[in-house]
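Numbering of the sequence shown is given in my numbering, commencing with residue 2 and proceeding in unit increments.
Ideal Cβ positions, reconstructed from N, Cα and C, are used throughout, including at glycine.
These numbers come from a predicted model, not from an experiment.
Notes for the one structure printed next.
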Amino acid sequence: IKEFVEEFSSKYQRLDILINNAGVTVPERKLTKDGFELIFGTNHLGHFYLTTLLLDLLKKSGPSRVINVTSSLHAYGRMKWDDLMFEKGYGYFPTYNQSKLANVLFTKELQKRVNEQEVKVVSLHPGVIKTEMGRGFNKWYYRVAMKMLSVFQKSALEGAQTSLYCALEDFEKLKAGGYYVDCKVEEEAVHAKNEVDMKRLWEVSEKLINEKVKNF
Numbered sequence: 002i003k004e005f006v007e008e009f010s011s012k013y014q015r016l017d018i019l020i021n022n023a024g025v026t027v028p029e030r031k032l033t034k035d036g037f038e039l040i041f042g043t044n045h046l047g048h049f050y051l052t053t054l055l056l057d058l059l060k061k062s063g064p065s066r067v068i069n070v071t072s073s074l075h076a077y078g079r080m081k082w083d084d085l086m087f088e089k090g091y092g093y094f095p096t097y098n099q100s101k102l103a104n105v106l107f108t109k110e111l112q113k114r115v116n117e118q119e120v121k122v123v124s125l126h127p128g129v130i131k132t133e134m135g136r137g138f139n140k141w142y143y144r145v146a147m148k149m150l151s152v153f154q155k156s157a158l159e160g161a162q163t164s165l166y167c168a169l170e171d172f173e174k175l176k177a178g179g180y181y182v183d184c185k186v187e188e189e190a191v192h193a194k195n196e197v198d199m200k201r202l203w204e205v206s207e208k209l210i211n212e213k214v215k216n217f
């Protein structure tokens with residue numbers, strides 16, 4: 002991530018829109034090369050690290066925007082503060098839901114830390130989309146369930162619409178810190194608006210990256 006940011010910054014003088022859309026879920030606990038649990042590391046810490054490294058450029062380019070792709074499943078997430086990496090017992094649903102809650106908490110805390118007139122930060126639920134994110138799940142019952150659910154899933158093009166809306170909407174009309182579903186503002190889960198958790202997640206994320214990544 003750091004190498005990418007250095008290369009990007011050497012080539013470009015502006016960054017108007019940053020869309021954080023990396024997402025993964027796996028049936029068994031795995032680690033990133035830096036030693037983070039894979040889902041939390043990919044779905045939250047990677048976004049956090051990338052965004053904070055690019056934050057000065059985003060401010061310089063203002064008005065600019067950061068768009069974090071989360072999920073309605075954030076409502077079922079809980080921050081497992083004593084075991085964020087699920088070392089004491091892994092479950093892909095709790096792990097994934099925690100990462101999606103982290104996306105919303107990060108969105109709101111970042112918005113508090115930037116000047117609304119320069120940078121706006123939003124999160125969004127794209128819908129249930131036909132992707133290959135679950136390709137690591139090989140159990141027969143999972144494949145059957147996905148086949149049944151495919152009737153209700155959006156195509157990738159349909160799933161991109163809310164991201165495009167947040168990227169292209171007039172800046173003054175975009176709700177700072179808002180949560181978007183189907184191209185309109187919706188209410189997040191109550192616990193996704195906990196200001197203590199927002200601040201705590203930011204501080205913990207900084208600490209985790211500082212411990213694992215040199216020259217943060």
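- Put simply, of V191, D171 and T53 the residue whose alpha carbon is nearest the alpha carbon of R79 is V191.
- In this chain, the alpha helix (DSSP H) harbouring K61 covers G47 to K61.
- Residue burial annotation: N211 is exposed, with fewer than 16 other C-beta atoms found within 10 angstroms of its C-beta.
- Judged by DSSP secondary structure, I2 falls outside any beta strand (DSSP E); it is assigned neither H nor E.
- The DSSP assignment places complete beta strand (DSSP E) segments of no fewer than 3 residues inside the segment 69-127 at 120-126, in order along the chain.
- A contact between stretches requires three or more CB pairs, one per stretch, nearer than 8 angstroms, and the segment 65-83 fails this requirement with the segment 28-40.
- Between G47 and K109, the beta carbon gap of about 19 angstroms keeps them out of contact (Cβ cut-off 8 angstroms).
- In the assembly as shown, E189 is a buried residue. Its beta-carbon has 16 or more other beta-carbons within 10 Å.
- The alpha-carbon separation between H45 and R66 amounts to approximately 18 angstroms.
- Residue burial is scored here from C-beta neighbours: A193 has at least 16 other C-beta atoms within 10 angstroms and is therefore classed as buried.
- Shown here, L19 sits in a strand according to DSSP, grouped into three states.
- The continuous beta strand (DSSP E) containing K185 extends over residues K185 to E187.
- In this structure, the alpha-carbon of S62 lies about 25 angstroms from that of T71.
- DSSP places Y13 in no alpha helix (DSSP H); its state is neither H nor E.
- CA-to-CA, the gap between S11 and E4 works out to about 11 angstroms.
- The beta carbons of T53 and L19 sit no closer together than 8 angstroms.
- The Cβ-Cβ distance between F9 and N69 does not fall below 8 angstroms.
- Remark: fewer than three beta-carbon pairs, one from each stretch, lie closer than 8 angstroms, so the segment 82-96 and the segment 161-181 are not flagged as touching.
- Checking the DSSP bridge columns, you'll see L32 partnered with E38.
- In this structure, the beta-carbon distance from L58 to L16 falls below 8 angstroms.
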